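Residue numbers (the UniProt record's numbering), protein chains in the order written: chain A, 1 to 221; chain B, 1 to 263.
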Amino acid sequence: MSLDFSIVWQQFPQILSAFWNTIWIWIVATILAILLGFVVAALRRYGPLWLNLLLRLYVEVIRGTPFLIQLFLLYFGGPFIGLSLEPIPAGLLGMTVYGSAYFSEIFRAGFAAIPPGHIEAAECVGLSRGQIVRRILVPEMTMLVLPQIVNMAIILMKETAILSIITVPELTLVVGAIGSQQYAFVEAMTMLALFYWALVELSGWLGGLAEKKLSKFRFAH
Amino acid sequence: MTRPAVRIRDVHKSFGSTEVLKGIELSVPKGSTTCLLGPSGSGKSTLLRCIAFLEETSSGIIEIDGDPLGFAEAGEGRRTRLSASDIRRVRAKIGMVFQQFNLWPHMTALGNVTEALVTVQGMKRSAANEIGNRQLARVGLSDRGHHYPSELSGGQQQRVAIARALALSPDILLFDEPTASLDPELTGEVLNVMRELAETGMTLVIVTHEIGFAASVGQKIAFLDHGKLLLDGPPAEIFGTPRHPRLEQFLETYLDRGAATLV
Ligand SMILES: Nc1ncnc2c1ncn2[C@@H]1O[C@H](COP(=O)(O)OP(=O)(O)O)[C@@H](O)[C@H]1O
Ligand SMILES: [Mg+2]
Chain A
1 MSLDFSIVWQ QFPQILSAFW NTIWIWIVAT ILAILLGFVV AALRRYGPLW LNLLLRLYVE
61 VIRGTPFLIQ LFLLYFGGPF IGLSLEPIPA GLLGMTVYGS AYFSEIFRAG FAAIPPGHIE
121 AAECVGLSRG QIVRRILVPE MTMLVLPQIV NMAIILMKET AILSIITVPE LTLVVGAIGS
181 QQYAFVEAMT MLALFYWALV ELSGWLGGLA EKKLSKFRFA H
Chain B
1 MTRPAVRIRD VHKSFGSTEV LKGIELSVPK GSTTCLLGPS GSGKSTLLRC IAFLEETSSG
61 IIEIDGDPLG FAEAGEGRRT RLSASDIRRV RAKIGMVFQQ FNLWPHMTAL GNVTEALVTV
121 QGMKRSAANE IGNRQLARVG LSDRGHHYPS ELSGGQQQRV AIARALALSP DILLFDEPTA
181 SLDPELTGEV LNVMRELAET GMTLVIVTHE IGFAASVGQK IAFLDHGKLL LDGPPAEIFG
241 TPRHPRLEQF LETYLDRGAA TLV
């Protein structure tokens, strides 16, 4: 018995389209999750106490339960509360919510790491609150939290595989199906592992480039 | 008589139930250098931060060039809060330099100095850079404009922070222990810049433990102890004998730090 990758490779167009789905769903969900995570962190820091407590519950629940179960509940449980979504929108929504909880914690630590004096210095030269957020807080925090953001984005890349359970036509679903139809399961899974690994390497490399560009801005003390 | 640059009238400040400033009266003449001395925890930073409106006083009035800052008298010892635009207008006359420099790490030295010119005043980038470069030259850093704070020494960072405050042409510049976080060999370059500023006739209020500097540059010495202004007068009077016992005690602690000119 020997491995034969050509069996899987013959379905190349299908694999390519699945590959594309994985990438765009990952990128869109990650961007939305970062934005939502930032809003959650900002509201928790600057909003009223009750909102902080409510959002803390949101973050704790999302972080305390498996993504697989969240997705299952959203897709199969959603219709019971009038939320019937197609697989791809459900996958995007689920991933955005899941990622936002983690990103919000990263931003929360980032907010706390900015010395209050940097904001006072901005007040002293007359910047308004909005200007302080745009010109000082957000850029300074970006450079502080970028490594963790890249790390979380890479974790989300691998989590896209879980979208297969709600029949999103991404890599894991498509290649897995080809493998079982053709009785080439090991070949298919090996190939999948290689695909994900290549994607992770690529995103890690891009993240590294961004960090290098920002490395000058390290804190002086 | 011209109006004082800063006039502080019966200012109290409490944090919770702790009263930190207990009825401060102080007047800072225009164009003078006032040095604020006092043991650690006596309320120097709090007083300076109240003048910069980074803290709100609990009672009393602070006037900047005759304009009330934050609160105005409303008769019978009561006061009313002024509008945000009034506060902004009066605050614009004040610049602040911090012990920790507080430069923004994601901007170059020139970016730090020009930020408010562009963002707040809406100045064109080129015009702002011209002012920024002029101010950096004034503190001896014309060749460091494109460096980030992390690429500068502590003394250079503090001089950038001074240039950042100067760029907005404040009437009054406040310093809170500007050399306290510097290595001893770097304090000189910052003190020199401050000495030059004092000579140009700018109004300076400086919290410092550099007694020698205070004695030679200050026209007025204010000594704070436990939230009260114990002494206030020209250096010759304050440092001359006989000295107030609390000041004597304080000086003994710091005499080994560059106060040789006194004795
Ligand atoms: N934000 C604050 N909250 C509570 N207490 C404070 C705060 N800031 C200063 N204090 C207290 O006020 C007193 C005076 O502090 P400070 O003005 O920093 O003194 P100094 O600058 O003379 O060392 C200290 O006892 C300090 O603990
Ligand atoms: Mg202090």
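Don't be surprised by glycine CBs; every beta carbon is placed ideally from N, CA and C. Source: prediction; values computed, not measured.
Proximal residues of chain B, C-beta to C-beta of residue i below 9 angstroms
{"i": "G126/A", "result": "R88, R91, A92, A116, T119, V120, Q121 and L168"}
Interface flag, residue i vs chain B, CB-CB below 8 angstroms
{"i": "P139/A", "result": "yes"}
{"i": "Q131/A", "result": "yes"}
{"i": "G117/A", "result": "yes"}
{"i": "S6/A", "result": "no"}
{"i": "E120/A", "result": "yes"}
{"i": "R135/A", "result": "yes"}
{"i": "P89/A", "result": "no"}
Residue i - DSSP class collapsed to helix/strand/coil
{"i": "K124/B", "result": "coil"}
{"i": "G78/A", "result": "helix"}
{"i": "R44/A", "result": "helix"}
{"i": "M107/B", "result": "coil"}
{"i": "E196/B", "result": "helix"}
{"i": "I114/A", "result": "coil"}
{"i": "T179/B", "result": "coil"}
{"i": "G126/A", "result": "coil"}
{"i": "E210/B", "result": "coil"}
{"i": "K212/A", "result": "helix"}
{"i": "R91/B", "result": "helix"}
{"i": "G258/B", "result": "Residue placement at G258/B cannot be trusted, given a pLDDT of 49 that sits under 50; what the coordinates show is reported in the next sentence. Coil, per DSSP."}
{"i": "residue 348/B", "result": "The structure shown has nothing for residue 348/B, since chain B only spans 1 to 263."}
{"i": "P87/A", "result": "helix"}
{"i": "L173/B", "result": "strand"}
{"i": "V118/B", "result": "helix"}
{"i": "V97/B", "result": "strand"}
{"i": "P147/A", "result": "helix"}
{"i": "P68/B", "result": "strand"}
{"i": "S2/A", "result": "coil"}
{"i": "N102/B", "result": "coil"}
Residue span of the beta strand (DSSP E) that contains residue i, given as start and end
{"i": "I221/B", "result": "K220 to D225"}
{"i": "V205/B", "result": "T203 to V207"}
{"i": "R159/B", "result": "Premise fails: R159/B lies in the alpha helix (DSSP H), G154 to L166, not in any beta strand (DSSP E)."}
{"i": "L229/B", "result": "K228 to G233"}
{"i": "T80/B", "result": "R79 to R81"}
{"i": "E73/B", "result": "F71 to E73"}
Contact with chain A by residue i, beta-carbon distance below 8 angstroms
{"i": "E252/B", "result": "no"}
{"i": "M194/B", "result": "no"}
{"i": "N129/B", "result": "no"}
{"i": "L36/B", "result": "no"}
{"i": "L186/B", "result": "no"}
{"i": "L54/B", "result": "yes"}
{"i": "T18/B", "result": "no"}
{"i": "R164/B", "result": "yes"}
{"i": "F15/B", "result": "no"}
Per-residue contacts from residue i into chain A (C-beta, under 7 angstroms)
{"i": "H106/B", "result": "P139, E140, M143 and F217"}
{"i": "Q158/B", "result": "In chain order: nothing, as chain A lies at least about 11 angstroms away."}
{"i": "M96/B", "result": "C124"}
Span of the alpha helix (DSSP H), counted from its first residue to its last, around residue i
{"i": "G176/A", "result": "L171 to Q181"}
{"i": "P4/B", "result": "From DSSP, P4/B is part of no alpha helix (DSSP H); its letter is neither H nor E."}
{"i": "R135/A", "result": "Looking at the DSSP string, R135/A is not in any alpha helix (DSSP H), and its letter there is neither H nor E."}
{"i": "I7/A", "result": "S6 to W9"}
{"i": "N52/A", "result": "L49 to G64"}
{"i": "F72/A", "result": "F67 to F72"}
Within chain A, partners of residue i - CB distance below 8 angstroms
{"i": "N102/B", "result": "P115, G117, H118, E120 and A121"}
Any alpha helix (DSSP H) of 4 or more consecutive residues that is wholly inside the stretch 12-66 of chain B: The alpha helix (DSSP H) runs lying completely inside the stretch 12-66 of chain B and spanning 4 residues or more are 44-51, given in chain order.
query: Can you list, in chain order, every residue whose CB sits closer than 5 angstroms to a heavy atom of ligand 4?
result: Absence of ligand 4 from the depicted structure is noted, with ligand 1 and ligand 2 being the only ligands included.
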